[in-house]
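Asks: With our numbering, the residue at position 59 of the sequence shown is 62, and numbering never jumps.
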Amino acid sequence: MISKSMQDALNAQINLEQYSAQLYLAMSAHCAGKSFKGFAHWLTVQASEETAHAAKLIAFLLDRGGRLELKPVAAPPMDFGGVIQVFEQTLAHEKSITGRISALFEQARQEKDYASEIALQWYVTEQVEEEAHVGETVDHLHAVGDQGGGIWYLDSRMGKRARA
Ligand code: OFO
Numbered sequence: 004m005i006s007k008s009m010q011d012a013l014n015a016q017i018n019l020e021q022y023s024a025q026l027y028l029a030m031s032a033h034c035a036g037k038s039f040k041g042f043a044h045w046l047t048v049q050a051s052e053e054t055a056h057a058a059k060l061i062a063f064l065l066d067r068g069g070r071l072e073l074k075p076v077a078a079p080p081m082d083f084g085g086v087i088q089v090f091e092q093t094l095a096h097e098k099s100i101t102g103r104i105s106a107l108f109e110q111a112r113q114e115k116d117y118a119s120e121i122a123l124q125w126y127v128t129e130q131v132e133e134e135a136h137v138g139e140t141v142d143h144l145h146a147v148g149d150q151g152g153g154i155w156y157l158d159s160r161m162g163k164r165a166r167a
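1. Once DSSP output is grouped into helix, strand and coil, what is the label at Lys74?
2. With distances taken from CA atoms, which of Ala165, Arg164, Gln16 is nearest Ile61?
3. What is the rounded straight-line gap between the Cα of Leu64 and the Cα of Gln25?
4. Along the chain, where does the alpha helix (DSSP H) that runs through Ser6 open and close?
5. Using C-beta distances below 6 Å, list every residue in its chain close to Gly84, excluding the 5 sequence neighbours before and after it, in chain order.
6. Taking only heavy atoms of the ligand OFO into account, decide whether any of them is closer than 7 Å to the Cβ of Ile17.
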């Protein structure tokens, strides 16, 4: 049986993963509004991954006999600036999520909750991948700037991301 403190922490993380999905859908709509259909597509796929991250945590919580407490999901912003700013904000968000996952992992370790620790390892690895991909996109965006042909090339490349 999972501890009350770990149950609360996992419920909070589920809410954050759901917020991440909302945030990326809002960013996707923002990019689509600027006719950057490829960046919009990439962010929609990212939003569905975030929903899957929440679902995976929910399944784990229930398997441990925990209680799911869904809370209202905060509304994301509607304006994000240019595409470079969109992906800079994505990177900042992912870094903050990495911090939350690390804190959860530490809590599991302190509580000697080995099952949670092992489940959270997947999220630790996932965050490395997320930060690496988004960080690379930010570098590419800085290299091409937000004017000229380079950004349209990047847009078409981002549009090729396979659906999760
Ligand atoms: Fe769930 O990894 Fe991004 O936020």
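Think of the CB as a built atom: it goes at the ideal place given N, C-alpha and C, for glycine as much as any other residue.
Replies: For this structure:
1. DSSP, read as helix, strand or coil, puts Lys74 in coil.
2. With respect to the C-alpha of Ile61, the residue from Ala165, Arg164, Gln16 having the closest C-alpha is Gln16.
3. The alpha-carbon of Leu64 is positioned some 22 Å away from that of Gln25.
4. For Ser6, no alpha helix (DSSP H) encloses it, and the DSSP letter there is neither H nor E.
5. Exclusion of the five residues before and after Gly84 leaves no residue of its chain whose Cβ lies closer than 6 Å to its Cβ.
6. In this structure, the ligand OFO has no non-hydrogen atom nearer than 7 Å to the beta-carbon of Ile17.
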